[in-house]
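Everything below concerns the one structure shown next.
In my numbering, the protein residues as written are 300 to 921.
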């Protein structure tokens, strides 16, 4: 009998009614305890995190059943700015407002989760006197050299040293090979694994033929795949150049692979592990052009169009650089919180030790400080009043409370805004509902040691047929004072990134696929996630001495039914005129209320969230 992971899925108990039969407001709207206790430290919690139990029930009651409090206690609290959501956009908006209006500006941030950061949260593990960090969702600074002046300015304000982050990465610190990736396929005796520089091989570089011959697919499929990777065949040779351009924008990559290349439908998941991390199960709705843009093969043989495409992709690969904090972008949100509320970590220097700083959550919401961050507080109503203020209603600890502000920024999900702000025009509500966030699951597994991974010799495993599409080691960076594993005998964190497997129905759009997938993520239990994790890791690492019964110390599952912001896809979304896209119409200022989130930029990236926060504050302070 394998040992169960010792876990607390939530703190201090939950008394939330998720059905329609519980009518008492104290039952229907109860939330996790506010967390004033000294030992309140959410990063240490394991089990289900992300949209954890207690974080979404109140909002789901409002959205699904129009269940909301009939009365609110007037708190008599008044702020210059009330911000709904303490993710990157909300925290950035608070900092921008503070810088513009002065350090005495009174700001209240409200968030429905038991921790701040939105998707940019951290998981923290302690074992044998060593601290290991995991990513809760938002992982990296992606090509920060291309950030806007606003986003670069905020990073500078926070003391983020990009050059130091680059030099702090030591990719070979504990693995034998960091440049090599691996494809792994479940088999009767563990996984069949094929390693190599797969990113390059997909573009016809390196010894891709030998690697393909090792894949567990029929020889006829191997032949077709080798031909595809070679770049010697123009699969659209019967089309003119203009027809080719139209084809790659209007046909799915899956259809291209099956009907033009001739691959079996069972083979094409090989091309989806990375796209799935960006588009979830909607990756099956990528156009040929979008797949090419992500580095998928097939464009090489298309005359000068192919040559140009390969040149652009190779240039992007050469110049592209992602930078990592050891806890992902949680360090960015921690730097923001520390800047806004220094009392949470008075001895923290900032960038140099942000990863190792222990935050005092009891200092987040103190009456005497100008900025207050109130967790476990689900906003259920926002409205302008005749007195030139904004009233904000929220539910916390089973109580419905109302505060007022001169201004309000809605830094929550677009999909929630029509329900909490019914004053908005119907056309704006419709625009806000258009995008469907990409669901994902980011699980972190604390392993007793890294011996099996070290013997494996790769840092990333692509798993097309497993619940988790990509399995990686955590980045070996010393940024923020972090001490990564010094060798294979030290504890390590394994990242496992997954999305639900959805077999799209005929005519089903990407947004419809994402809606179905969202409910799967929300309904899956921790026990199911745990079993999938154990089975997959044992299959991948068992032959290298890994034993899931003894080597797994803790599991944290960061589930995000509402994950990354929706990015338009050419097969399913029209080409709108500038200013007329749903995200642009949806983010329109409404008097003293502005909207700031990555949804409002239709880009699921850190800089998009920051830029949105700046725009919202600029609207309210013009």
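Backbone N, C-alpha and C define an ideal beta-carbon position, used for all residues, glycine too.
Looking at the secondary structure, which residues open and close the alpha helix (DSSP H) in which residue i lies?
i           : result
residue 817 : 809 to 822
residue 701 : From DSSP, residue 701 is part of no alpha helix (DSSP H) but of the beta strand (DSSP E) over 698 to 709.
residue 371 : Run containing residue 371: none; DSSP gives neither H nor E here.
residue 768 : Counting along the chain, residue 768 falls outside any alpha helix (DSSP H), though it belongs to the beta strand (DSSP E) covering 767 to 772.
residue 463 : 461 to 466
residue 752 : 750 to 755
residue 835 : 825 to 840
residue 498 : 497 to 500
residue 549 : 540 to 549
residue 719 : 716 to 719
residue 591 : 587 to 592
residue 633 : 629 to 639
residue 360 : 356 to 364
residue 885 : 881 to 885
residue 522 : 518 to 529
Taking all protein chains shown into account, do 16 or more other C-beta atoms lie within 10 angstroms of the C-beta of residue i, making it buried, or fewer, making it exposed?
i           : result
residue 524 : buried
residue 596 : buried
residue 913 : buried
residue 666 : exposed
residue 326 : Summary for residue 326: the model assigns pLDDT 34, below 50, so the residue's position carries little reliability; its value from the coordinates is reported in the next sentence. It is exposed - the Cβ of residue 326 has fewer than 16 other Cβ atoms within 10 Å.
residue 342 : buried
residue 356 : buried
residue 637 : buried
residue 540 : exposed
residue 428 : exposed
residue 621 : exposed
residue 641 : exposed
residue 425 : exposed
residue 353 : buried
residue 919 : buried
residue 713 : buried
residue 743 : buried
So who's on the other strand from residue i, going by DSSP bridges?
i           : result
residue 383 : 409 and 709
residue 672 : 408
residue 858 : 349 and 740
residue 863 : 737
residue 446 : Note: residue 446 sits in no beta bridge, so no partner.
residue 424 : 431
residue 797 : 740 and 767
residue 695 : 698
residue 378 : 704
residue 416 : Paired residues: none, contrary to the question.
residue 690 : 682 and 703
residue 579 : According to DSSP, residue 579 bridges with nothing at all.
residue 915 : DSSP, once it has assigned bridges, lists no residue as partnering residue 915.
residue 621 : 441
residue 792 : 745
residue 853 : 745
What whole-angstrom Cβ distance do residue i and residue j have, given they're in contact under 8 Å?
i           : j           : result
residue 730 : residue 890 : Residue 730 to residue 890, Cβ: 17 Å. No contact.
residue 801 : residue 816 : 5 Å
residue 897 : residue 908 : 5 Å
residue 904 : residue 441 : 6 Å
residue 774 : residue 623 : 4 Å
residue 776 : residue 411 : No, residue 776 and residue 411 are not in contact; Cβ-Cβ is about 31 Å, not under 8 Å.
residue 767 : residue 835 : 6 Å
residue 600 : residue 522 : That belief does not hold up - the Cβ atoms of residue 600 and residue 522 are roughly 16 Å apart, past 8 Å.
residue 792 : residue 431 : 5 Å
residue 741 : residue 435 : 7 Å
residue 664 : residue 680 : In fact, because the Cβ distance is near 20 Å, the residues do not count as touching under 8 Å.
residue 762 : residue 574 : That belief does not hold up - the Cβ atoms of residue 762 and residue 574 are roughly 14 Å apart, past 8 Å.
residue 901 : residue 866 : 6 Å
residue 370 : residue 699 : 7 Å
In the DSSP assignment, find the unbroken beta strand (DSSP E) run with residue i in it and report its ends.
i           : result
residue 504 : Counting along the chain, residue 504 falls outside any beta strand (DSSP E), and DSSP gives it neither H nor E.
residue 484 : 480 to 486
residue 892 : 892 to 894
residue 680 : 677 to 683
residue 760 : 759 to 761
Flag residue i as yes when its Cβ comes closer than 7 Å to any non-hydrogen atom of the ligand COA, and as no otherwise.
i           : result
residue 919 : Absent from the structure shown: the ligand COA. Ligands present: none.
Taking contact to mean at least 3 C-beta pairs separated by less than 8 Å, is the region 851 to 864 in contact with the region 726 to 742? As far as the Cβ criterion goes, the region 851 to 864 touches the region 726 to 742, which means the pair count is three or higher.
Would the region 539 to 556 count as touching the region 567 to 574 if we require 3 or more Cβ pairs under 8 Å? Judged by Cβ distances under 8 Å, the region 539 to 556 makes contact with the region 567 to 574, as three or more pairs qualify.
Would you check if there are 3 or more beta carbon pairs closer than 8 Å linking the region 710 to 718 to the region 350 to 367? With a cut-off of 8 Å, the region 350 to 367 and the region 710 to 718 count as touching, because enough Cβ pairs lie within range.
Pairs of beta-carbons, one from the region 530 to 547 and one from the region 429 to 448, closer than 8 Å: are there three or more? No: the two stretches stay apart, fewer than three of their Cβ pairs being nearer than 8 Å.
For the region 581 to 601 against the region 806 to 821, are there 3 or more C-beta pairs whose distance is under 8 Å? Short answer: they touch.
If contact is defined by three or more beta carbon pairs under 8 Å, each pair taking one atom from either stretch, is the region 364 to 375 in contact with the region 869 to 884? Under the Cβ criterion (8 Å, minimum of three pairs), the region 869 to 884 does not count as touching the region 364 to 375.
Validate contact between the region 820 to 835 and the region 776 to 785 using beta carbons, cut 8 Å, 3 pairs: Using a Cβ-Cβ distance cut-off of 8 Å, the region 820 to 835 and the region 776 to 785 are not in contact, since fewer than three pairs of beta carbons, one from each stretch, lie closer than that value.
Pairs of beta-carbons, one from the region 385 to 404 and one from the region 747 to 762, closer than 8 Å: are there three or more? With a cut-off of 8 Å on Cβ pairs, the region 385 to 404 is not in contact with the region 747 to 762, counting fewer than three such pairs.
Is the number of C-beta pairs between the region 417 to 425 and the region 628 to 635 that are closer than 8 Å three or more? As far as the Cβ criterion goes, the region 417 to 425 touches the region 628 to 635, which means the pair count is three or higher.
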